[in-house]
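> Attaching a single structure in structure tokens format; questions to follow.
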Amino acid sequence: MSISLDRGHLKGFAEQSDIEAIADNIQKVHEDLEHRRGAGHEFTGWTDLPGRIPDAQLDELVALGEEVRGHSDCIVSIGIGGSYLGIRAAEEFVRGGKIPIFYAGLNISADYHYRLLEQLKDRNPTVVVISKSGTTTEPALAFRIIKDFLQTKYSGDELKKRIICVTDAKRGALRTIADDNGYRSYVIPDDIGGRFSILTPVGLVPLALAGIDIKSLVSGAREGQRLYSHFDLDKNIAYQYAATRYLLYRKGKVIEVAASFYDNVFYVLEWWKQLYGESEAKEGKGIFPSSLSLSTDLHSMGQLMQEGLRNMFETFIDIETPDHTLAVPDSEEDLDGFNIVAGKDLDYVNTQAHIATASAHFEGDVPNMTIKLCKGDAYHLGQLFYFFERAVAVSGYLLGVNPFNQPGVEAYKKKMFALLGKK
Ligand code: PA5
467 MSISLDRGHL KGFAEQSDIE AIADNIQKVH EDLEHRRGAG HEFTGWTDLP GRIPDAQLDE
527 LVALGEEVRG HSDCIVSIGI GGSYLGIRAA EEFVRGGKIP IFYAGLNISA DYHYRLLEQL
587 KDRNPTVVVI SKSGTTTEPA LAFRIIKDFL QTKYSGDELK KRIICVTDAK RGALRTIADD
647 NGYRSYVIPD DIGGRFSILT PVGLVPLALA GIDIKSLVSG AREGQRLYSH FDLDKNIAYQ
707 YAATRYLLYR KGKVIEVAAS FYDNVFYVLE WWKQLYGESE AKEGKGIFPS SLSLSTDLHS
767 MGQLMQEGLR NMFETFIDIE TPDHTLAVPD SEEDLDGFNI VAGKDLDYVN TQAHIATASA
827 HFEGDVPNMT IKLCKGDAYH LGQLFYFFER AVAVSGYLLG VNPFNQPGVE AYKKKMFALL
887 GKK
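Here the sequence shown is numbered in our numbering, starting from 467 and rising by one per residue.
Shown next as structure tokens:
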């Protein structure tokens, strides 16, 4: 049960000897991270988080999930950015829990939220409102709307038990709302930023309520912590990935296209885009993280990948053992000529498509590598979450930026608040 990195299509771009040539730099940033002395070190609580999560806390959350599912047939998760993407990534990756999660506060669209209320009309939801700052526009407005809606259905203790807050221990409007109303609440640690928070109550609470296997998720992340927290460039594939990206960036490959032939990886890549975009892109530096859903996008973006501007590299995410097999039927007429694969598993064809794409793109000057997960389950996702977190910390430090802040996201907010007349 593990993750591996296939660096098969990097010849001439980022070879093992190139990684060895920057080993001293990697060792330095590794030590800065380990000893919490690099830029933004006050937000590196995630580095040893998996090992610090008490089993008793996981048991409590699992029990809370059972209790909630006793009176609720769905969860509404309100949040955006780091308070949304990891939850959705996990729910979609494992293809759902015992009850569905609906998402609110991920945009400011009236149509989206109107339709959400329509979907909730005949349901009995429990709402988890998640905001570290407690002041973010989207979840604040969505919480008002959803709370209004809940009040049309419930009152008193029945209403109270259906609202759970995940926020800062002391600061922010949501903390005040939770305390003043006696809502059940969970704390987001101060030393973990939004995009690194999936294994805090931000992710664990809504996932546990939905009945997703948070114990396996955390167990995979603990294995990730064990495997990717040491400086051994031959064995630490998170550091190999970080170093490879950095080397490719120095050769002008300024766009990373993360692509998967597995549909349940889609939101993992949305989560990954925030993690990498917000962590690395500052001071005029950083790789632009983008994603493709394959083989769908080969029929739309395939041309660009094969023959467009050669400023990109590709990272495939592969799931080696799918949950199901599905044989291709034989056809008497064979008009489409696909009897060549009749009787074979559909995923055999998927795998050949991946091999062919990786090879064709490499020949088209798009170096690429593949992160392989044995299975598409919560355990491997936990490991992958940690893999990507560890790697972005290292690649951010290699670039010479603080990977743990996001000063750029304030600019539009100032203008928007001025337009709205908000103090
Ligand atoms: O990474 C970040 O800090 C942001 O994307 C936040 O996660 C996002 O803005 C939500 O913030 P909050 O949890 O404070 O509402």
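Cβ atoms here follow ideal geometry from the backbone N, Cα and C, with glycine treated the same way. Since the model is a prediction, treat every value here as computed from it, not as a measurement.
Does the structure place the stretch 473-481 close enough to the stretch 829-836 that three or more beta carbon pairs sit under 8 Å?
Touching, yes, given that three or more Cβ pairs across the two stretches are closer than 8 Å.
> Going by DSSP in three states, H475 sits in which element: helix, strand or coil?
Strand, per DSSP.
> Go to I485, then tell me how far its alpha helix (DSSP H) extends in each direction, as first and last residue.
Start and end: Q482 to A487.
> So is the beta-carbon of P605 under 7 Å away from any non-hydrogen atom of the ligand PA5?
Indeed, a heavy atom of the ligand PA5 lies less than 7 Å from the Cβ.
> If you draw a straight line from the alpha carbon of Y845 to that of Y694, how long is it in whole angstroms?
Cα to Cα, Y845 sits roughly 15 Å from Y694.
> Can you tell me the Cβ-Cβ gap for L812 and L792, rounded? I've got them flagged as a contact below 8 Å.
With a Cβ gap of about 5 Å, L812 and L792 count as contacting.
> According to DSSP, simplified to helix, strand and coil, what is A606?
In this structure, A606 counts as helix in the three-state DSSP scheme.
> Using alpha carbons as the reference points, say which of A522, I703, I630 and I658 lies closest to Y649.
Ranking the options by Cα distance to Y649, first place goes to I630.
> Can you round the beta-carbon distance between G638 and G600 to whole angstroms, since I take them to be within the 8 Å contact cut?
That pair is a contact at about 2 Å.
> Using three-state DSSP, classify F870 as helix, strand or coil.
Looking at F870 - three-state DSSP - the assignment turns out to be coil, as it is neither helix nor strand.
> Could you check the C-alpha separation between I664 and G548 for me, to the nearest Å?
When rounded, the distance between both Cα atoms is 8 Å.
> So, helix, strand or coil for R661, using DSSP?
It is helical.
> Based on Cα-Cα distance, which residue from G474, E689, L527 and D484 lies nearest to K717?
If we check each option's Cα against that of K717, D484 comes out closest.
> Quick check: is any heavy atom of the ligand PA5 less than 7 Å from the C-beta of E744?
Checking every heavy atom of the ligand PA5 against the Cβ of E744, one is found closer than 7 Å.
> Just grab the DSSP bridge partners of S726 for me.
S726 pairs with S759 and I783.
> Return the residue from the list H579, L865, D634 and K613 that minimises the CA-CA distance to K748.
The candidate whose alpha carbon is nearest that of K748 is L865.
> Using the rule of at least 16 other Cβ atoms within 10 Å of the residue's Cβ for burial, across every protein chain shown, is N702 buried or exposed?
Looking at its Cβ environment, which holds 16 or more other Cβ atoms inside 10 Å, N702 is buried.
> For the stretch 514-533 and the stretch 666-682, state whether three or more C-beta atom pairs, one from each stretch, are separated by less than 8 Å.
These segments touch.
> Do L572 and I596 have their C-beta atoms within less than 8 Å of each other?
Going by C-beta atoms, L572 is not nearer than 8 Å to I596.
> According to the neighbour-count rule (16 or more other Cβ atoms, all chains shown, within 10 Å of its Cβ), is K587 buried or exposed?
So K587 ends up on the exposed side.
> Inspect the beta-carbon positions of E558 and Y733 and report whether they are closer than 8 Å.
Yes, the pair counts as a contact, with Cβ atoms nearer than the cut-off.
> Apart from the five residues on each side of it in sequence, which residues of its chain come closer than 7 Å, Cβ to Cβ, to F509?
If we look at F509 and ignore the five residues flanking it on each side, its Cβ neighbours are D657, I658, G659 and F870.
> Does the distance from the C-beta atom of G504 to that of Y863 stay below 8 Å?
Contact flag set, yes.
> Can you name, in chain order, every residue of its own chain whose Cβ lies under 7 Å from the Cβ of R711, other than the five neighbours on each side?
Once the five neighbours on either side are set aside, the close Cβ partners of R711 are E722, I753 and S861.
> What first and last residue would you give for the beta strand (DSSP E) that runs through P591?
Element bounds for P591: P591 to S597.
> Helix, strand or coil for I519, going by three-state DSSP, please let me know.
Here I519 sits in coil by DSSP.
> Could you tell me which of I783, V875 and D802 sits nearest to C840, measuring between CA atoms?
Here the closest residue by C-alpha is I783.
> Considering I565, what are the terminal residues of the beta strand (DSSP E) in which it resides?
Element bounds for I565: n/a, residue is neither H nor E.
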